[in-house]
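Participant: When the letters of the sequence shown are read in order and numbered with our numbering, they come out as residues 24 to 509.
In this text, a Cβ means the ideal position worked out from N, Cα and C, and glycines have one as well.
Quick one: structure below, then a few questions.
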Amino acid sequence: MQNKFDFIIIGSGIVGSLLARELSRYEVSVLVVEKEIDVGMCPSSANSAIIHAGYDPKPGTLKARMNAEGNKLWHEIAPELCIQFKETGSYVAAIGPEELPDLNRLYEQGIKNSIPGINIINRDEMLNREPLINPAVSGALWAPSAAVIDPFGAVLAAAENAVVNGVKYIFETKFLDFILENNAIIGVKTGKGDFYCDWAINSAGLYSDEVAHKAGVRKDFEIMPRKGSYMVFDAAKFSINNVLFQVPTEKGKGVLVSTTTHGNVMIGPDSQASENKDDSATTREGLQMIELAAKKLIPSIDVKNSIVMYSGVRAAGNGNKDFIIEIPKEVKGLVNLLGIDSPGFVSAPAIAKRVMELLKEAGVKFIDKKTFSPVRKPSPHFHLMSYKEKAELVKKNPAYGRIVCRCEEVTEGEILDAIHSPIPARTYDSIKRRTWLGTGRCQGAFDYPRVIQILAKELGISEPEVTKKGRGSELVFRKTKEVIHE
Ligand SMILES: Cc1cc2nc3c(=O)[nH]c(=O)nc-3n(C[C@H](O)[C@H](O)[C@H](O)COP(=O)(O)OP(=O)(O)OC[C@H]3O[C@@H](n4cnc5c(N)ncnc54)[C@H](O)[C@@H]3O)c2cc1C
């Protein structure tokens with residue numbers, strides 16, 4: 024049967040993509056169905072981008088185990104897949120003497136979770152390492168294994184590596200229902216027809232509860248969406264090289280002030296209950312709250328220098344709030360990944376390994392694929408190259424000599440690479456996420472028209488058909504100087 028696969032993965036966030044890559048190590052056929060037009064649209068690309076050290080989750084939980092294991096795995100995977108990854112470490116800064124005892128509690132928790140290298144540093148040492156920090160700082164928990172990552176770049180890298188190793192992806196394809204036979208899943212119904220499989224893997228993030236319910240399992244489980252907003256600052260106006268957390272409360276890790284892999288500073292997130300899983304609009308109250316909270320860590324922050332604001336939605340589960348990674352007994356052929364909220368990104372590689380263990384325990388036999396390559400060679404990033412490397416590249420292909428985005432120095436050659444990559448970019452935002460075009464001070468004002476032209480030509484569509492992020496987000500309606508025949 025042409026549309027029959029050994030595994031169908033529902034959702035191409037970081038978990039689905041790393042799992043696809045993990046499965047591609049073996050002689051199995053894998054299909055990933057994704058409702059959006061690209062991989063990792065949200066929340067896998069709209070989060071704090073921290074590879075947490077792992078002192079925060081409650082000892083003994085799956086979150087604690089997956090976080091600690093995932094952190095170690097990212098240090099191997101990031102270089103293998105050429106993902107932008109900065110080994111910054113992180114600080115939890117106690118502001119005022121009253122917060123100091125909390126650091127001991129976090130330290131003890133970190134020791135129980137086997138987090139390497141953590142220690143408490145005093146006020147002078149913290150001020151020395153981050154001169155802009157609030158002078159009322161009384162000490163900090165230093166966690167050297169924390170890091171920052173390019174979250175979309177990581178999802179893309181995992182997905183591209185999976186595709187190169189034989190996985191098939193289909194986009195704009197919404198999972199609708201399971202096809203069941205004698206209480207076993209034998210396939211999925213989607214907006215683009217039926218696909219058959221031996222195993223379906225539910226990694227649908229915010230919608231994982233609804234997917235599980237379609238299989239008749241976990242009927243009491245519900246995703247309780249919580250929105251978190253961010254502000255990103257102009258790198259020329261404000262820069263720090265650290266990751267600074269506040270002392271966490273029962274509500275969560277609080278607002279952080281953090282460097283990013285691209286050298287900007289980011290502040291956020293807040294935590295607001297949301298009615299709608301797809302509502303990622305920022306609100307005035309949310310942004311004011313993160314400004315105030317971030318100023319507790321770095322009083323000199325000036326929001327006039329922020330260049331972009333965005334939100335991500337956490338897929339927190341009801342109940343005990345731990346991750347659920349299971350093969351439910353009630354139905355055959357299903358793997359459920361539920362409640363994968365923070366620290367889901369850092370945990371994703373460990374979650375993928377755990378799923379493989381569960382499948383093996385369930386009797387699936389995996390044969391190594393001799394042609395599997397774990398390494399991904401990324402397309403060139405012009406602005407990261409030396410003058411000599413740039414000159415050589417332009418000599419080989421003059422498209423790399425045509426700058427399209429002036430702020431971030433992104434070339435036509437990089438845009439063409441993105442459009443013709445293993446996971447092809449088909450929208451403005453897909454190119455933006457891959458190349459960082461349009462993320463500088465002008466936020467795309469200069470590059471939009473040129474990118475629309477290139478996308479139209481390469482995809483063989485008209486310019487008004489080019490979209491920002493899929494159907495309904497068309498960027499232009501018609502040419503301003505064309506003759507209109509009414
Ligand atoms: C504000 C915020 C801050 C965070 N900060 C951090 C952090 O610093 N560190 C960290 O480790 N974690 C962090 N997280 C958590 C982390 O981002 C998530 O745990 C992780 O991205 C979850 O990945 P996922 O693949 O499970 O889900 P998702 O990224 O949600 O992917 C699920 C995919 O399934 C697709 N899908 C859904 N329904 C269907 C359907 N019916 N048919 C087909 N496809 C479907 C979706 O389109 C999506 O692409 C944060 C999250 C948020 C929101």
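1) Could you say which of Val280, Lys276, Arg48 lies nearest to valine 266 if we only look at CA atoms?
2) When burial is assigned at 16 or more other CB atoms within 10 Å of the CB, is glutamine 476 buried or exposed?
3) Which residue's Cα is closest to the Cα of isoleucine 446: Ser71, Asp232, Phe256, Ala181?
4) What does DSSP give as the partner residue(s) for threonine 434 in the beta ladder?
5) Could you tell me the distance, in whole angstroms, from the CA atom of proline 421 to the CA atom of aspartate 440?
6) Counting only runs that start and end within the segment 198–230, where is the beta strand (DSSP E) found for 3 or more residues in a row?
7) What is the DSSP secondary structure of tyrosine 130, reduced to helix, strand or coil?
8) Whether or not the segment 317–327 and the segment 346–365 are in contact is what I'm after, with contact meaning three or more pairs of Cβ atoms, one per stretch, closer than 8 Å; do they touch?
9) Tell me whether the segment 99–115 and the segment 393–410 touch, counting them as touching only if at least three CB pairs, one residue from each stretch, are closer than 8 Å.
10) Between histidine 406 and ligand 2, is the CB less than 8 Å from at least one heavy atom?
11) Do the CB positions of lysine 491 and glutamate 497 come within less than 9 Å of each other?
12) If isoleucine 138 sits next to alanine 91, beta carbons under 8 Å apart, how far is it from one beta carbon to the other, in whole angstroms?
13) Roughly how many angstroms separate the alpha carbons of arginine 457 and proline 120, rounded to a whole number?
14) Return the chain-ordered list of same chain residues with a C-beta closer than 6 Å to the C-beta of aspartate 61, the five sequence neighbours on each side being excluded.
15) How big is the Cα-Cα spacing for isoleucine 290 and valine 270?
16) What three-state label does DSSP hand lysine 250 in the structure shown?
17) Check whether the Cβ of glutamate 59 lies closer than 8 Å to any heavy atom of ligand 1, and answer yes or no.
18) Taking DSSP as the reference, what is the three-state secondary structure of isoleucine 390?
19) Out of Ser252, Pro397, Val288, which one is the CA nearest neighbour of leucine 310?
20) Does ligand 1 have even one heavy atom less than 8 Å from the beta-carbon of proline 66?
21) Please confirm if the segment 201–220 is in contact with the segment 141–150, defined as three or more CB-CB distances below 8 Å between the two stretches.
22) Let me check understanding here. Comparing Cα to Cα, which of Tyr219, Val186, Val190, Asn184 lies closest to phenylalanine 201?
23) Classify leucine 29 as helix, strand or coil using the three-state DSSP reduction.
24) For the segment 287–340, list the alpha helix (DSSP H) runs that are entirely contained and at least 4 residues long, ordered along the chain.
25) Please state whether DSSP places alanine 414 in a helix, a strand or coil.
26) Using a threshold of 8 Å, is the CB atom of isoleucine 544 nearer than that to any non-hydrogen atom of ligand 1?
27) Cβ-heavy atom distance between glycine 573 and ligand 1 below 8 Å?
Facilitator: From the atom records:
1) What you label residue 266 is simply residue 243 of the sequence shown in a count that begins at 1. Checked all of Val280, Lys276, Arg48; the closest Cα to valine 266 is Val280.
2) Start at 1 with the first residue of the sequence shown, and residue 476 comes out as number 453. When all chains shown are included, glutamine 476 counts as exposed.
3) Taking the first residue of the sequence shown as 1, we reach residue 446 at position 423. Among Ser71, Asp232, Phe256, Ala181, the Cα nearest to that of isoleucine 446 belongs to Ala181.
4) If you number the sequence shown from 1, residue 434 lands on position 411. Looking at the DSSP assignment, threonine 434 forms a beta bridge with Ile426.
5) Position 398 of the sequence shown holds residue 421. Position 417 of the sequence shown holds residue 440. If you take the alpha carbons of proline 421 and aspartate 440, they lie about 13 Å apart.
6) 198–204, 207–213, 216–225
7) Taking the first residue of the sequence shown as position 1, residue 130 is located at position 107. It is helical.
8) no
9) yes
10) Among the ligands present in this structure, namely ligand 1, ligand 2 is not found.
11) Locating residue 491 in the sequence shown gives position 468, counting from the first residue. Locating residue 497 in the sequence shown gives position 474, counting from the first residue. It is a contact, given that the beta carbons lie within the stated cut-off.
12) Residue mapping note: residue 138 aligns to position 115 of the sequence shown, counting from 1. Residue mapping note: residue 91 aligns to position 68 of the sequence shown, counting from 1. Sure, about 6 Å apart at Cβ, within 8 Å.
13) Mapped onto the sequence shown, residue 457 falls at position 434. Mapped onto the sequence shown, residue 120 falls at position 97. Cα to Cα, the separation comes out at about 44 Å.
14) Taking the first residue of the sequence shown as position 1, residue 61 is located at position 38. Counting only Cβ-Cβ distances below 6 Å, and skipping sequence neighbours, we find Ser453.
15) Numbered from 1 along the sequence shown, position 267 holds the residue referred to as residue 290. Numbered from 1 along the sequence shown, position 247 holds the residue referred to as residue 270. For isoleucine 290 and valine 270, the distance between alpha carbons rounds to 15 Å.
16) Sequence index remark: in the sequence shown, residue 250 carries index 227 (1-based). Three-state DSSP puts lysine 250 in a strand.
17) Position 36 of the sequence shown, counted from the first residue, corresponds to residue 59. Yes.
18) The sequence position of residue 390 within the sequence shown is 367, counting from 1. Three-state result, isoleucine 390: coil.
19) Counted from its first residue, the sequence shown places residue 310 at position 287. Considering only alpha carbons, the answer is Ser252.
20) Within the sequence shown, the letter at position 43 stands for residue 66. Yes, ligand 1 has a heavy atom inside 8 Å of this Cβ.
21) no
22) Within the sequence shown, the letter at position 178 stands for residue 201. It is Tyr219.
23) One-based indexing of the sequence shown puts residue 29 at position 6. Correcting the residue identity first, residue 29 is aspartate in this sequence and not leucine. Note: aspartate 29 maps to strand in three-state DSSP.
24) 307–320
25) As a working note, residue 414 is residue 391 in the sequence shown. DSSP places alanine 414 in helix when its eight states are reduced to three.
26) An answer regarding residue 544 cannot be provided, because it is not within the stretch 24 to 509 covered by the chain.
27) This structure does not reach residue 573, given that the chain is present from 24 up to 509, and the question cannot be answered.
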